[in-house]
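Taken in order, the sequence shown gives residues 5 to 379; the numbers are from the working numbering. Virtual Cβ for every residue (Gly too), placed ideally from N, Cα, C. Structure record follows, encoded as structure tokens.
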Amino acid sequence: MKLKEQQTHKTYAVDTLLWRGENGFLFDLETEAVFSREKIDTRKPNMWRYREAIPIIGEENVISFEEGFTPLLPVDFNGKRVWIKQEQLFSTGSYKDRGASVLMSHVKSLKVKHVVQDSSGNAGCAVAAYAAKAGINCDIYVPADTSPAKLAQIAWYGANIQLVPGSREDTAAKALEAAQHIYYASHCYNPFFLHGTKTFAYEVCEQLHWKAPDAVVLPAGNGTLLLGCEIGFYDLYKAGIISKLPKLIAVQSAHCAPLYHAFHQGLEHIKPVETLPTLAEGIAIAQPVRAQQMLQAVKQTHGTFISVSEEEITNALIDCLNRGYYIEPTSAATIAGLLKYVKESDDNLIVSLFSGHGLKSTEKLMKILDKKNHH
Ligand SMILES: *Cc1c(COP(=O)(O)O)cnc(C)c1O
């Protein structure tokens, strides 16, 4: 296995036509988030209430289902109250809508008419939905074993589905090939996606009356939410709205944990790791392209990486489902990590999330139910 580590030292202007730097390096955007508290207060409760902080040129280009401002619900875990953002409640069923809304708005502003994307499911669903709303053609590459509910969703949004046999990495390679001719609306490479997911951090702070939590427990696959949070909390800190940065606590499945291993070995880069199938398909990423950035983000906020076993994921999932929180198995990995964190931490204000809706994985949930009933 060859690892391609790409660094980000560069920033590009927000009207850039590129999704990656000329030299193949990743880049971030040259933009400064502005917050107008008076304007924010008067606007509808969705993520575009932070309009001045979102780097999209021209109101006519904004592609939105009025997504975001999901409830921040207090939930007790092991006797401790934690704030759980209900990110399963988006129109496509996962928080990926935040990134897709901003990225596809940018695509529209560029007058691009055709995009390609690859995903293990949810990012594909989100990009396809926003492409449908914008009237932009869309090819989505997915692994052949992607769950039928996600495939149906992508197909019904009118996207052209390309099933790729083999691993998640094989799918990524196919999309990268197509991206030589078609604009790559990638949630991993394209920095505009992160300028959508950053609104998660804005909302958390607003919902806590403009205060930063002590720690935020997040999933870590490609890091779209983790890196969005890095940007978002830093924006608020720089604007003088919050006075500290929360610790970013990143959760990986033990069956695919390249970042967990690198972090605890004190490395700045990931090394190739052995992987096994996991219930948490959405975060089973062996070679996240922004790995170095993810390791840095966690280190700089004095956070940590946690890994969770299949048994811990299953137990967290069953507990959530039984209590009325209908989430997909990938979301339960984050909660399993949260349970571990809560046990050892004395933080007061801990935030985490339900990342995806359970209706996306009926087949998997039926299998778990069958197994449980046979015991
Ligand atoms: C995408 C996704 C994740 C993980 O996000 P990364 O950006 O890959 O770190 C977690 N849960 C669900 C439901 C997702 O769709």
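Using the three-state DSSP reduction, which class does residue i fall into: helix, strand or coil?
i	result
K6	Because the pLDDT at K6 is just 34, under 50, the model does not fix this residue reliably, and the value given afterwards should be weighed accordingly. The answer is coil: DSSP assigns K6 none of H, G, I, E or B.
V277	coil
K368	helix
K84	strand
L114	coil
I246	coil
K376	helix
T397	Given that the chain is displayed from residue 5 to residue 379, the structure contains no residue 397 and the question cannot be resolved.
S335	helix
L283	coil
A254	strand
D32	strand
V106	helix
N380	Within the shown structure, residues of the chain are numbered from 5 to 379, placing residue 380 beyond reach of any answer.
I317	helix
V66	coil
I310	strand
C260	strand
Since residue i sits in a beta bridge, which residues does DSSP pair it with?
i	result
F358	Q90
P147	V168
T2	Limits of the chain in this structure are 5 at one end and 379 at the other, which puts residue 2 out of reach.
In its own chain, which residues sit with a C-beta less than 7 Å from the C-beta of residue i, not counting the 5 before and 5 after it?
i	result
N194	W23, L107 and Y188
T305	L249, P250, K251 and L252
Q90	T74, P75, L77 and F358
V277	A261, P262, H265 and A290
E173	A290 and Q291
I302	The question names Ile, but residue 302 is Val in the sequence shown. Only L252, A254, F267, T308 and F309 meet the Cβ criterion.
Tell me which residues share the same chain as residue i and place their Cβ nearer than 8 Å to its Cβ, disregarding the 5 neighbours each side in the sequence.
i	result
L325	I331, G362 and L369
T279	H259, C260, A288 and A290
Q300	E272
Here's a check: name, in chain order, each residue in its chain whose Cβ is nearer than 6 Å to the Cβ of residue i, leaving out the five neighbours to either side.
i	result
L353	P217 and D218
Y161	A132, A133 and A136
P49	F73
D351	D218 and A219
Does the beta carbon of residue i fall short of 7 Å from some heavy atom of ligand 2?
i	result
S335	In terms of ligand content, the structure shown lacks ligand 2 and carries ligand 1 instead.
>> Residues around ligand 1, please: the ones whose beta-carbon is closer than 5 Å to some heavy atom of it, in chain order.
In response: S98, N126, P223, G225, N226, G227, T228, G286, I287, T334, S359 and G360
> So, do the stretch 191 to 210 and the stretch 232 to 239 have three or more beta carbon pairs nearer to each other than 8 Å?
Replying inline: yes
>> If contact is defined by three or more beta carbon pairs under 8 Å, each pair taking one atom from either stretch, is the stretch 78 to 86 in contact with the stretch 117 to 129?
In response: no
> On the three-pair Cβ rule with 8 Å, is the stretch 313 to 332 touching the stretch 113 to 120?
Replying inline: no
>> If contact is defined by three or more beta carbon pairs under 8 Å, each pair taking one atom from either stretch, is the stretch 169 to 188 in contact with the stretch 207 to 224?
In response: no
>> Could you check whether the stretch 56 to 67 touches the stretch 85 to 98, counting it as contact only if at least three pairs of C-beta atoms, one from each stretch, sit closer than 8 Å?
In response: no
>> When you compare the stretch 219 to 230 with the stretch 140 to 152, are there three or more beta-carbon pairs, one atom per stretch, that lie closer than 8 Å?
In response: no
>> Taking contact to mean 3 or more Cβ pairs, one atom from each stretch, closer than 8 Å, check whether the stretch 307 to 324 and the stretch 339 to 358 are in contact.
In response: yes
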